[in-house]
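Below: one structure, written as structure tokens.
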Amino acid sequence: MKFWIKTNSVKQVIIHLLLAAISFILLLVLFFFYFIPHIARQDEVAEVPRLTGASIDSVLAIADALPVEIIIQDSSFSTDYKPGTILSQYPLPGTQVKPGRKVYLTICPKEPPMTEMPKLTGVSYPTAIAKLKSSQLQLGRIRFEPDIAIDIVLEQEVDGKPVPPGTPVKMGTKVDLVVGSGIGEEEFDVPDLTGLTLEEAEAVLKARSLRLGIVRYDENAQAPYRRIFKQNPAAFVDLSQYELAGYDKHGKPIYRPIKVRSDSLFAEGKHAKNLDLNKVPRNKIRPGEMIDIWISNNPAYSVFNDTISGMMDEMQPIDSLIKKDSNQKKPNIP
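Mapped onto the working numbering, the consecutive letters of the sequence shown carry residue numbers 32 to 365.
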């Protein structure tokens with residue numbers, strides 16, 4: 032069957048073209064406003080819920096009831112959020128989308144990644160805080176201790192234990208800082224470190240809020256191996272009236288008076304058992320100051336050598352000679 036449109040004039044041709052154009056426009060309108068919305072269901076919309084700040088576990092627990100599909104796209108650690116918290120989402124909350132639209136989430140990981148502990152000692156504590164932030168670590172407690180270096184970080188600790196630079200730690204770990212507060216005003220006697228090991232001396236200094244200065248090792252020292260035989264400033268007793276006689280079995284120096292005079296510091300007794308503490312000059316020190324020490328690095332030396340073994344029972348360690356009564360008043364130093 033053949034179909035022809037008969038046109039006997041130009042007017043009829045124009046009419047036919049207009050009818051064709053109108054029919055085409057109607058088809059376009061029906062296509063875009065009826066068929067496409069019907070197929071795509073654009074009359075059905077859903078609003079993206081606010082997920083930022085919520086726990087990912089709580090969101091996944093109700094994922095089936097949400098009008099959108101949840102996709103964990105990325106993770107980024109932040110000390111401002113708890114582990115497992117949603118940091119951001121796309122599309123943004125309140126966006127109108129089709130049901131089932133995918134919402135991509137960035138979360139704070141449940142297990143913090145590792146980072147290296149930065150070097151914080153030796154710098155001012157504001158600089159140390161900035162270093163902590165750049166390493167995704169948190170500032171814990173700041174504890175001020177007497178030290179000549181004011182506002183300088185002396186130690187860096189985690190859970191009360193020193194942590195050296197470069198040690199792997201979890202991001203978000205709280206780091207405590209020990210900061211110098213300057214020299215204290217209270218003076219006290221310089222502690223006697225001779226005869227102690229380095230570890231023992233450090234414990235004594237820490238208990239008195241003092242700092243360990245320069246440590247020197249002497250391979251030719253005539254003193255027990257790995258024991259302190261000299262310090263600066265010296266202990267509070269003026270040893271100018273004594274001479275070194277040897278060491279006891281604990282490595283403690285044994286001294287004897289150089290000479291005994293009636294008008295000397297010694298009241299009586301050939302070993303100065305009755306030392307008059309009120310006449311003994313004392314070296315003083317303040318909290319935060321340092322003490323340099325010398326340590327014997329001579330393993331060949333023996334505290335039981337023949338030259339001193341005979342006087343071990345007679346000589347007394349210097350600290351026993353100057354044992355101070357707990358109720359004794361502080362001496363007047365001229």
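Using N, Cα and C, we set each Cβ at its ideal position, and we do this for glycine too.
As the structure is a computational prediction, the values presented were derived from the model and not from experiment.
Residue i, buried or exposed, once every other Cβ within 10 Å from all chains shown has been counted against 16
i, result
"Q262", "buried"
"D307", "Confidence is the limiting factor: at D307 the pLDDT is only 46, short of 50, which leaves the residue's position unreliable, though a coordinate-based value still follows. Answer is exposed; the Cβ neighbour count stays below 16."
"P18", "Because the chain spans 32 through 365 in this model, residue 18 falls outside it and cannot be assessed."
"S327", "buried"
"F55", "exposed"
"P196", "exposed"
"K141", "exposed"
"Y278", "buried"
"A303", "In this predicted model, A303 has a pLDDT of only 40, less than 50, meaning its place in the structure is not dependable; the value taken from the coordinates is given anyway. Buried."
"L59", "exposed"
"I324", "buried"
"L61", "exposed"
"G131", "exposed"
"D111", "exposed"
"K361", "In this prediction, K361 has a pLDDT of 45, which is less than 50 and means its spatial position is unreliable; what the coordinates show is noted afterwards. Exposed: under 16 other Cβ atoms inside 10 Å."
"G282", "buried"
"F297", "The pLDDT assigned to F297 is 42, lower than 50, so where the model puts this residue is not dependable; a value taken from the coordinates is nonetheless given after this. By the neighbour-count rule (16 or more Cβ atoms within 10 Å), F297 is buried."
"G226", "buried"
"V41", "exposed"
"L91", "exposed"
Pick from the options that is closest to residue i, judged by C-alpha positions
i, options, result
"V154", "K141, S166, P144 and E186", "E186"
"P108", "S119, V99, P199 and A94", "Residue identity check: residue 108 is Phe in the sequence provided, not Pro. Checking every option, the nearest Cα to that of F108 belongs to S119."
"D182", "K164, T158 and L91", "T158"
"G203", "Y332, S165 and R132", "S165"
"S106", "A94, P98 and I87", "I87"
"Q169", "R132, P122, K141 and D207", "D207"
"V184", "G213, I316 and P80", "G213"
"V189", "D178, A180 and K201", "K201"
"L151", "I173, E231, I245 and K113", "I173"
"P199", "M321, G226, A180 and Q167", "Q167"
"P114", "T137, N329 and G211", "T137"
"V99", "Q127, F175 and I322", "Q127"
"T228", "A265, A51, E320 and F260", "F260"
"G211", "P177, A254, F64 and E250", "P177"
"P80", "P122, I179 and R257", "P122"
"L82", "L275, P124 and Q104", "P124"
"K205", "I103, K283, L50 and K162", "K162"
"E320", "G215, K280 and R258", "G215"
"L230", "V246, V221 and F219", "Before going on, a small fix: residue 230 reads as Glu here, not Leu. Taking only the C-alpha atoms, the option nearest E230 is V246."
"N314", "L243, A252, R257 and D220", "D220"
Where the alpha helix (DSSP H) containing residue i begins and where it ends
i, result
"F55", "V41 to L61"
"L91", "I87 to A92"
The beta strand (DSSP E) enclosing residue i, as first and last residue numbers
i, result
"D323", "M321 to S327"
"I259", "I259 to N263"
"F64", "Premise fails: F64 is in no beta strand (DSSP E) and is neither H nor E."
"Y248", "R242 to D249"
"V194", "First-last for V194: undefined, no H or E at that position."
"I214", "Taken as a continuous stretch (DSSP letters only), I214 belongs to no beta strand (DSSP E), as it is neither H nor E."
"R172", "Q169 to E176"
Strand pairing of residue i, partner residues [DSSP]
i, result
"T228", "T228 pairs with nothing; no bridge assigned."
"P199", "E147"
"I183", "S155"
"T137", "D105 and S119"
"K205", "Q169"
"K237", "Answer is none; K237 lacks a bridge partner."
"G277", "I285"
"I316", "F219"
"I77", "Contrary to the premise, residue 77 reads as Ala rather than Ile in this sequence. BP columns for A77 point to V128."
"E100", "K133"
"E142", "For E142, which the question treats as bridged, DSSP gives no partner whatsoever."
8 Å contact criterion, which residue i and residue j should meet: CB distance rounded
i, j, result
"A77", "K129", "7 Å"
"P264", "I179", "Going by Cβ atoms, the distance from P264 to I179 rounds to 14 Å, so no, they are not a contact pair."
"Y332", "A254", "6 Å"
"P318", "E217", "7 Å"
Interface flag, residue i vs chain B, CB-CB below 9 Å
i, result
"E188", "Given the protein chain composition of this structure (a single chain), no chain B is represented."
Contact test: residue i Cβ vs the ligand COA heavy atom, cutoff 8 Å
i, result
"E233", "Among the ligands in the structure shown, none appear at all, so the ligand COA cannot be discussed."
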